[in-house]
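Undergrad:
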Amino acid sequence: GPKVLQIPSHQIIDMGQMVTLNCDPVSNHLYFYWYKQILGQQMEFLVNFYNGKVMEKSKLFKDQFSVERPDGSYFTLKIQPTALEDSAVYFCASSYQGNTGQLYFGEGSKLTVL
Amino acid sequence: GQQVQQSPTSLVLQEGENAELQCNFSTSLNSMQWFYQRPGGSLVSVFYNPSGTKQSGRLTSTTVIKERRSSLHISSSQITDSGTYLCAMATGGNNKLTFGQGTVLSVIP
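Protein chains in written order, with the numbering used here: chain F, 1445 to 1558; chain E, 912 to 1020.
Right, dumping it as structure tokens:
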């Protein structure tokens, strides 16, 4: 089936540094999402993105977070500066439609902030 | 309160037994999906099932939208079925998924 690729699969950084998580969505998809899962906890929505704009964000999407997809390249989640509580697995998803339809998820990027 | 309630929280099966996992939603929804999360954390989509019954191999999902519930039936369980099964609902206009807490399934020999 359609694949969403995430790079890196795992990154370890020091608190205060910047990190960029990259997502290569399904090729004809137009809607993009980030979800966050802290170890042992529930998967939670962070943000969704369409046509160059954030459509909706949750309270977990702090001011230190930003997303973009410059010119059809990777859909990225940037955290600057990172904090200890940002340690989690971040999942990217994409869908063709914005109000319905299946979301396709990547395998996740595990972020460890020391 | 929890918008997506999954039951049971955990389940232990002997290999070959069947399992029925439930998902109940507290609000009306547009669609729902079932996922399998491997012990290592990666996510696999099992079903996109906005309504009705879908089958894939030993897995069957039934969603009754008007009753705000969905079930996942696993027949003849195998050890490799062990992991966490997540259901999620989509609501509103942004196709945003809200996940349940998951059912942790352990299949033993």
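Note that the Cβ used here is the ideal one computed from N, Cα and C, for glycine as well.
All values reported here derive from a predicted model rather than from experimental measurement.
Am I right that residue 1460(F) and residue 1525(F) are in contact with their C-beta atoms under 8 Å? What's the rounded C-beta distance?
TA: Your numbering for residue 1460(F) matches position 16 in the first sequence. Your numbering for residue 1525(F) matches position 81 in the first sequence. Contact flag correct, Cβ pair sits at about 5 Å.
Undergrad: Around the C-beta of residue 950(E), are 16 or more other C-beta atoms found within 10 angstroms, so that it is buried, or is it exposed?
TA: Within the second sequence, numbered from 1, the residue matching residue 950(E) stands at position 39. Exposed, since its Cβ has fewer than 16 Cβ neighbours within 10 Å.
Undergrad: Let me see if you follow: with CB-CB separation under 9 Å, is residue 1527(F) close to chain E or not?
TA: The residue given as residue 1527(F) occupies position 83 in the first sequence. No - not a single Cβ of chain E is within 9 Å of the one on residue 1527(F).
Undergrad: Closest Cβ-Cβ distance between residue 930(E) and chain F: below 9 Å?
TA: Position 19 of the second sequence, counted from the start, is the residue given in the question as residue 930(E). No, no contact with chain F.
Undergrad: Rounded to whole angstroms, what is the Cα-Cα separation between residue 1503(F) and residue 1490(F)?
TA: Here the question's residue 1503(F) lines up with position 59 in the first sequence. Here the question's residue 1490(F) lines up with position 46 in the first sequence. Answer to the nearest angstrom: the Cα atoms are 8 Å apart.
Undergrad: Are residue 942(E) and residue 919(E) touching if we call contact CB-CB under 9 Å?
TA: To locate residue 942(E), count along the second sequence from 1; it is residue 31. To locate residue 919(E), count along the second sequence from 1; it is residue 8. Cβ distance not < 9 Å, so residue 942(E) and residue 919(E) don't count as in contact.
Undergrad: Quick one, are the C-beta atoms of residue 1523(F) and residue 1558(F) less than 9 Å apart?
TA: In the first sequence, residue 1523(F) corresponds to position 79, counting from 1. In the first sequence, residue 1558(F) corresponds to position 114, counting from 1. Result no, Cβ atoms of residue 1523(F) and residue 1558(F) do not sit closer than 9 Å.
Undergrad: May I ask you to list, following chain order, the residues of the region 1480 to 1507 of chain F that have a beta carbon less than 8 Å from some beta carbon of chain E?
TA: Residues 1481, 1486, 1487, 1488, 1489, 1492, 1499 and 1500.
Undergrad: Exposed or buried, which one is residue 966(E) when buried takes at least 16 other CB atoms within 10 Å?
TA: By one-based count along the second sequence, residue 966(E) stands at place 55. By the 10 Å Cβ count, residue 966(E) comes out exposed.
Undergrad: Using a C-beta to C-beta distance shorter than 7 Å, which residues of chain E count as neighbours of residue 1466(F)?
TA: Position 22 of the first sequence, counted from the first residue, corresponds to residue 1466(F). The premise fails here: residue 1466(F) is roughly 17 Å from chain E at the closest Cβ pair, so nothing lies under 7 Å.
Undergrad: I'd like to know whether the C-beta of residue 1533(F) is nearer than 9 Å to at least one C-beta of chain E.
TA: Position 89 of the first sequence holds residue 1533(F). With 9 Å as the cut-off, residue 1533(F) counts as an interface residue toward chain E.
Undergrad: If you draw a straight line from the C-alpha of residue 916(E) to the C-alpha of residue 978(E), how long is it?
TA: The sequence position of residue 916(E) within the second sequence is 5, counting from 1. The sequence position of residue 978(E) within the second sequence is 67, counting from 1. Spanning the two alpha carbons is a distance of roughly 14 Å.
Undergrad: Who are residue 918(E)'s beta bridge partners in DSSP?
TA: Here residue 918(E) refers to the residue found at position 7 when the second sequence is read from its first residue. Its beta-bridge partners are 933(E).
Undergrad: Using DSSP's beta-bridge definition, name the partner residues of residue 965(E).
TA: Residue mapping note: residue 965(E) aligns to position 54 of the second sequence, counting from 1. According to DSSP, which records beta bridges pairwise, residue 965(E) is partnered with 972(E).
Undergrad: Within a Cβ cutoff of 7 Å, which residues of the same chain sit near residue 969(E), ignoring the five residues on either side of it in sequence?
TA: Position 58 of the second sequence, counted from the first residue, corresponds to residue 969(E). Closer than 7 Å at the Cβ level, and outside the excluded window around residue 969(E), lie 985, 986 and 987.
Undergrad: Measure from the C-beta of residue 1005(E) to each C-beta in chain F and report whether the shortest distance is under 9 Å.
TA: To locate residue 1005(E), count along the second sequence from 1; it is residue 94. Yes, contact with chain F.
Undergrad: Would you list the residues sitting across from residue 1021(E) in a DSSP beta bridge?
TA: Limits of chain E in this structure are 912 at one end and 1020 at the other, which puts residue 1021(E) out of reach.
Undergrad: Do residue 1476(F) and residue 1511(F) count as a contact pair if the criterion is CB distance below 9 Å?
TA: Stepping through the first sequence from its first residue, residue 1511(F) is reached at position 67. Stepping through the first sequence from its first residue, residue 1476(F) is reached at position 32. Taking 9 Å as the Cβ cut-off, residue 1511(F) and residue 1476(F) qualify as a contacting pair.
Undergrad: Can the beta-carbon of residue 953(E) be found closer than 9 Å to that of residue 944(E)?
TA: Counting from one through the second sequence, the residue named residue 953(E) turns up at place 42. Counting from one through the second sequence, the residue named residue 944(E) turns up at place 33. Not a contact, by the Cβ cut-off of 9 Å.
Undergrad: Report the option in 1499(F), 1497(F), 1531(F) and 1478(F) whose CA atom is closest to the CA atom of residue 1549(F).
TA: Position 105 of the first sequence, counted from the start, is the residue given in the question as residue 1549(F). Of 1499(F), 1497(F), 1531(F) and 1478(F), the residue nearest in Cα terms is 1478(F).
Undergrad: Starting from residue 1532(F), follow its DSSP beta bridges and name the residues at the other end.
TA: One-based indexing of the first sequence puts residue 1532(F) at position 88. In DSSP, residue 1532(F) forms a bridge with 1555(F).
Undergrad: On the DSSP bridge list, what partners appear for residue 1468(F)?
TA: On the first sequence, residue 1468(F) is found 24 positions in, with the first residue counted as 1. The partner list for residue 1468(F) (beta bridge, DSSP) reads 1449(F).
Undergrad: Between the region 1537 to 1547 of chain F and the region 988 to 997 of chain E, do at least 3 Cβ pairs fall closer than 8 Å?
TA: Touching, no, given that fewer than three Cβ pairs across the two stretches are closer than 8 Å.
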